[in-house]
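Protein chains in written order, with our numbering: chain A, 1462 to 1704; chain B, 1462 to 1704.
Beta carbons: idealized from backbone N, C-alpha and C, even for Gly.
As the structure is a computational prediction, the values presented were derived from the model and not from experiment.
Protein chains: 2
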Amino acid sequence: MPRRRLTEKEILAPEPLPAAQSLAIAPNPGMAERAAEAIVLGVASGALQPGQRLVEVELAKLLQMSRVPLREALKILEAQGIVESAPHRGTRLATFDERRIDEICEARLALERIAIRGAIEAYKREPALLARLDKILAKMERAAMHLEWIEISRCDLDFHREITRVSGNAIVQKLWDALGRHVLIVFGKEIRSERDAKAIAPQHRRLRDMLADGDAEAIDDELDQHILRLQRRKSRSGARVMS
Amino acid sequence: MPRRRLTEKEILAPEPLPAAQSLAIAPNPGMAERAAEAIVLGVASGALQPGQRLVEVELAKLLQMSRVPLREALKILEAQGIVESAPHRGTRLATFDERRIDEICEARLALERIAIRGAIEAYKREPALLARLDKILAKMERAAMHLEWIEISRCDLDFHREITRVSGNAIVQKLWDALGRHVLIVFGKEIRSERDAKAIAPQHRRLRDMLADGDAEAIDDELDQHILRLQRRKSRSGARVMS
DNA sequence: GACATAATAAATGTATACATTAATCCACGG
DNA sequence: CCGTGGATTAATGTATACATTTATTATGTC
Chain A
1462 MPRRRLTEKE
1472 ILAPEPLPAA
1482 QSLAIAPNPG
1492 MAERAAEAIV
1502 LGVASGALQP
1512 GQRLVEVELA
1522 KLLQMSRVPL
1532 REALKILEAQ
1542 GIVESAPHRG
1552 TRLATFDERR
1562 IDEICEARLA
1572 LERIAIRGAI
1582 EAYKREPALL
1592 ARLDKILAKM
1602 ERAAMHLEWI
1612 EISRCDLDFH
1622 REITRVSGNA
1632 IVQKLWDALG
1642 RHVLIVFGKE
1652 IRSERDAKAI
1662 APQHRRLRDM
1672 LADGDAEAID
1682 DELDQHILRL
1692 QRRKSRSGAR
1702 VMS
Chain B
1462 MPRRRLTEKE
1472 ILAPEPLPAA
1482 QSLAIAPNPG
1492 MAERAAEAIV
1502 LGVASGALQP
1512 GQRLVEVELA
1522 KLLQMSRVPL
1532 REALKILEAQ
1542 GIVESAPHRG
1552 TRLATFDERR
1562 IDEICEARLA
1572 LERIAIRGAI
1582 EAYKREPALL
1592 ARLDKILAKM
1602 ERAAMHLEWI
1612 EISRCDLDFH
1622 REITRVSGNA
1632 IVQKLWDALG
1642 RHVLIVFGKE
1652 IRSERDAKAI
1662 APQHRRLRDM
1672 LADGDAEAID
1682 DELDQHILRL
1692 QRRKSRSGAR
1702 VMS
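In structure tokens, the structure reads:
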């Protein structure tokens, strides 16, 4: 008799999910992830304020979904430090004071230093990957032209996320995804002058060119400047502290 | 007439949650967080295997809870990179190959370097905080005596988490909490020789003493050794790769 | 017999309903 | 008038039930 084809393949996994290298971000995010992104954009755009309490039924109504996927979104954001919660006491947005901003920049610099090293090697092996950076840069320049600030910030993040992605370091990418949301919230509100908006794209284009050249040392210095520049702007803006 | 006490306090938040500095980990974790911890321990103890698919109904039955809090736990773990998922295609545990282990160590070193700097200052200001480290060390030594490996690993993590905590850097702490789960999974299985178990506590005690002294440079070197030692052990163990 | 297609089954995604907890309000007593 | 205690209300936590989608099996045709 022919041996029955059991569902044994289930036991040891049918396939490593999509072909993409593991830990990659889902190209087709589920409801919870979309809700999380919407909440972050809500803070970045000012619709939600740092420190504000998030009542589940209200938010669910706003986002036109049930409480179940919303709660999943809140758990994601809590794991990333965007919101805080205590059992039976609700959830509220974190606060972002000057000290927190310093912490974000410090951690970001440490992670991106790691990612940059891997990215340099990757671009050396496959220069074709630079095309993706160019595409993001083009979008950024368009956004800068129309002064669409949150779109500029998103392109900024996409640029650095792309670098983290090609670096092939999945752990750093995960950590950076969390950190990136903090960056979006904090600096999405800070870029508000036309001068700043126009300055961002050239900065990134310089970084891109250095990545293409592959001079590790020079890039490290440039990255320091690039990230710390944000910190300095924060200082200049003075009392602009977020609740 | 006496003005009615509206619920207006709700609008601008009644209190910054518990008194603890914001972003601190909840002392009384909810069901989802406990489930997430249970899953991680399950992997560390070998009850769950890397790469394995996690079917919600089965896991929920195992953990004696409904699918709702379990799904929240899975979202947390996905945000931390412990599991991967695609919409409608389920969730599976990540895999931990040698490369991944290197990434974990690299990121960990970067984050702990930041935390150590803050911790040194904190211990200089408040030496009393060292008592908490001593308490953890005592537990670690007890666990080492009885060769309880996963307990040793948890004490190891608690030790470093405590350092991150007193550093006051909430962002780094959040990122480290995620990373710590990777560390627990990867190295919870690696510490299996009696010699290694006995060596860990003295290592940490040395770190503690250096923190008390406050020599920043020496600690940085020691930390490098401390973390990279794990990486070297991994190399020695050769083909011991996890699915 | 092999391949394409349709039917079936299983697992995930979402919504609704109920239970539990904490915060608020009001009454009572000091 | 102020503090204390219990009742009320609102929000969170969980379970169950249903909808949707994917994977598997079965069927028919070449």
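Among residues of its own chain, excluding the 5 on either side of residue i, which ones have a beta-carbon nearer than 7 angstroms to its beta-carbon?
i	result
residue 1555 of chain B	1511, 1542, 1543, 1544 and 1545
residue 1619 of chain B	1597
residue 1659 of chain A	1605
residue 1532 of chain A	1517
residue 1534 of chain B	1493, 1496, 1497 and 1500
residue 1538 of chain A	1497, 1500 and 1544
residue 1593 of chain A	1623
residue 1603 of chain A	none
residue 1524 of chain B	1496, 1499 and 1531
residue 1519 of chain B	none
Please work out which residues of its chain come closer than 8 angstroms, Cβ to Cβ, to residue i, disregarding the five sequence neighbours upstream and downstream, and give them in chain order.
i	result
residue 1573 of chain B	1621, 1624, 1625, 1637, 1684 and 1688
residue 1581 of chain B	1672, 1675, 1677 and 1680
residue 1507 of chain B	1650
residue 1475 of chain B	In this prediction, residue 1475 of chain B has a pLDDT of 38, which is less than 50 and means its spatial position is unreliable; what the coordinates show is noted afterwards. Nothing listed; no residue qualifies.
residue 1692 of chain A	1562, 1563 and 1566
residue 1771 of chain A	There is no way to answer for residue 1771 of chain A, as the model of chain A reaches only from 1462 to 1704.
residue 1521 of chain A	1527, 1528 and 1531
By DSSP, does residue i sit in helix, in strand, or in coil?
i	result
residue 1527 of chain B	coil
residue 1464 of chain A	Residue placement at residue 1464 of chain A cannot be trusted, given a pLDDT of 30 that sits under 50; what the coordinates show is reported in the next sentence. If DSSP states are grouped into helix, strand and coil, residue 1464 of chain A belongs with coil.
residue 1684 of chain B	helix
residue 1545 of chain A	strand
residue 1550 of chain A	coil
residue 1672 of chain A	helix
residue 1509 of chain A	coil
residue 1608 of chain A	coil
If distances are taken between C-alpha atoms only, which option among the options comes closest to residue i?
i	options	result
residue 1633 of chain A	B:1567, B:1602 and B:1627	B:1567
residue 1559 of chain A	A:1644, A:1663 and A:1670	A:1644
residue 1563 of chain B	A:1654, A:1609 and A:1631	A:1631
residue 1557 of chain A	A:1520, A:1513, A:1551 and A:1537	A:1513
residue 1589 of chain A	A:1627, A:1601 and A:1571	A:1627
residue 1642 of chain B	A:1540, A:1519 and A:1550	A:1540
residue 1607 of chain A	A:1520, A:1654 and A:1592	A:1654
residue 1665 of chain A	A:1586, A:1682 and A:1601	A:1601
residue 1425 of chain B	B:1599, B:1657, B:1577 and B:1587	Absent from the structure is residue 1425 of chain B, since the part of chain B shown begins at 1462 and ends at 1704.
Is the separation between the beta-carbon of residue i and that of residue j shorter than 8 angstroms?
i	j	result
residue 1505 of chain A	residue 1526 of chain A	no
residue 1529 of chain B	residue 1529 of chain A	yes
residue 1661 of chain A	residue 1595 of chain A	no
residue 1571 of chain B	residue 1575 of chain A	yes
residue 1569 of chain A	residue 1640 of chain A	yes
residue 1611 of chain A	residue 1509 of chain A	no
residue 1491 of chain B	residue 1548 of chain A	yes
residue 1536 of chain A	residue 1536 of chain B	yes
residue 1553 of chain B	residue 1515 of chain B	yes
When you measure from the CB of residue i to every non-hydrogen atom of the ligand NAP, does any distance come out below 7 angstroms?
i	result
residue 1606 of chain A	Questions concerning the ligand NAP fall outside what the structure shown contains, since it holds no ligand whatsoever.
Leaving out five residues on either side along the sequence, give the residues of the same chain with a beta carbon under 6 angstroms from the beta carbon of residue i.
i	result
residue 1466 of chain B	Low confidence applies to residue 1466 of chain B: its pLDDT is 32, below 50, so where it sits in the model is not reliable, and the reading given next is rough at best. Cβ neighbours of residue 1466 of chain B beyond the five flanking positions: none.
residue 1700 of chain A	Residue placement at residue 1700 of chain A is flagged as unreliable, the pLDDT there being 44, under the threshold of 50; a coordinate-derived value is accordingly withheld.
residue 1615 of chain A	none
Please name the residues in the segment 1515-1541 of chain A whose beta-carbon is closer than 7 angstroms to at least one beta-carbon of chain B, in chain order.
1529, 1532, 1533, 1536, 1537, 1540 and 1541
Which residues of the segment 1547-1572 of chain A have a Cβ closer than 8 angstroms to any Cβ of chain B? Give them in chain order.
1547, 1548, 1550, 1553, 1555, 1556, 1561, 1564, 1565, 1567, 1568, 1571 and 1572
Under 7 angstroms (Cβ pairs) to chain B, residues found in the segment 1611-1636 of chain A
1630, 1631, 1632, 1633, 1635 and 1636
Can you list, in chain order, the residues of the segment 1655-1677 of chain B whose Cβ is nearer than 9 angstroms to any Cβ on chain A?
none
Just by C-beta distance, which residues in the segment 1487-1505 of chain B are closer than 7 angstroms to chain A?
1487, 1489, 1491 and 1493
Any C-beta of chain A within less than 8 angstroms: which residues of the segment 1571-1594 of chain B qualify?
1571, 1572, 1574 and 1575
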